[in-house]
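Chemist: First the structure, then my questions, so here it is.
In structure tokens, the structure reads:
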């Protein structure tokens, strides 16, 4: 799909671009709009691993299982968390985690990937720089092992 080798540089450029545009360079595409949605987020995210960086610099990876579950982890595969995901509104994907609550960021496509916008402030929270088909990091197996270890104690 898309890839970049320097997400930090892209993130800095993206943040500077947002700052220069008053933080609204990526306006929400109307979730209440009657026009056709530009992307089917369920089709885009079902069965893929996404790699991103948060606006505060933390890298992460997440597998979106087609069954509506997700596994989120730090990019070093530490601290995996099981959650759920769904998309019922145009460019909005909702996430829920037992440890960490939930939220429904607005997704916006940009030149080198995607950004997640805070639904309340419209500020960029995450930059997604790579989407790959399948569970390329083995997050489901990692989560299963973590669950087994937790239940064994």
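Numbering (the working numbering), first residue to last: 1 to 153.
Built from N, CA and C at the ideal position, the CB exists for glycine as well.
#1: On a CA-only basis, which of 64, 37 and 41 is nearest residue 47? Give me that one, please.
#2: Would you please state the rounded distance, in angstroms, between the beta carbons of residue 107 and residue 93? I believe it to be under 8 Å.
#3: What is the DSSP secondary structure of residue 139, counted as helix, strand or coil?
#4: Rounded to the nearest angstrom, what separates residue 90 and residue 62 at their Cα positions?
#5: Is residue 85 buried or exposed, if buried means 16 or more other CB atoms sit within 10 Å of its CB?
#6: Since residue 91 is in the alpha helix (DSSP H), which residue starts that stretch and which ends it?
#7: With three or more C-beta pairs closer than 8 Å as the rule, is the region 132-139 touching the region 109-121?
#8: With DSSP as the reference, label residue 77 as helix, strand or coil.
#9: Quick check on DSSP: helix, strand or coil for residue 49?
#10: So, for residue 100: in the same chain, excluding its five sequence neighbours on each side, which residues have a beta-carbon less than 7 Å away from its beta-carbon?
#11: Let me check understanding here. Comparing Cα to Cα, which of 75, 70 and 128 lies closest to residue 83?
#12: Please check the pair residue 125 and residue 54, which I expect to be a contact at CB under 8 Å, by giving their CB distance rounded to whole angstroms.
#13: Does the Cβ of residue 87 have 16 or more other Cβ atoms within 10 Å, making it buried, or fewer, making it exposed?
Modeler: By the coordinates alone:
#1: The sequence position of residue 47 within the chain shown is 47, counting from 1. The shortest C-alpha separation from residue 47 is found at 64.
#2: Counted from its first residue, the chain shown places residue 107 at position 107. Counted from its first residue, the chain shown places residue 93 at position 93. About 6 Å separates the two Cβ atoms, so the contact holds.
#3: Residue mapping note: residue 139 aligns to position 139 of the chain shown, counting from 1. Three-state DSSP puts residue 139 in a helix.
#4: Here the question's residue 90 lines up with position 90 in the chain shown. Here the question's residue 62 lines up with position 62 in the chain shown. When rounded, the distance between both Cα atoms is 21 Å.
#5: Here residue 85 is taken as the residue at index 85 of the chain shown, counted from 1. With 16 or more Cβ atoms within 10 Å of its Cβ, residue 85 is classed as buried.
#6: By 1-based counting over the chain shown, the position of residue 91 is 91. Where residue 91 is concerned, there is no enclosing alpha helix (DSSP H), given that its DSSP letter is neither H nor E.
#7: no
#8: Taking the chain shown and counting its residues from 1, one reaches residue 77 at position 77. Of the three classes helix, strand and coil, the one that applies to residue 77 here is coil, per DSSP.
#9: Within the chain shown, residue 49 is the residue found at index 49, counting from 1. When DSSP states are grouped into helix, strand and coil, residue 49 belongs to the strand group.
#10: Here residue 100 corresponds to residue number 100 of the chain shown, with the count starting at 1. Cβ neighbours of residue 100 beyond the five flanking positions: 81.
#11: Counting from one through the chain shown, the residue named residue 83 turns up at place 83. With distances taken between Cα atoms, residue 83 lies closest to 70.
#12: Here residue 125 corresponds to residue number 125 of the chain shown, with the count starting at 1. Here residue 54 corresponds to residue number 54 of the chain shown, with the count starting at 1. Residue 125 to residue 54, Cβ: 7 Å. Contact.
#13: As a first step, residue 87 must be located in the chain shown, where it is residue number 87. Buried, because 16 or more other Cβ atoms sit within 10 Å of the Cβ of residue 87.
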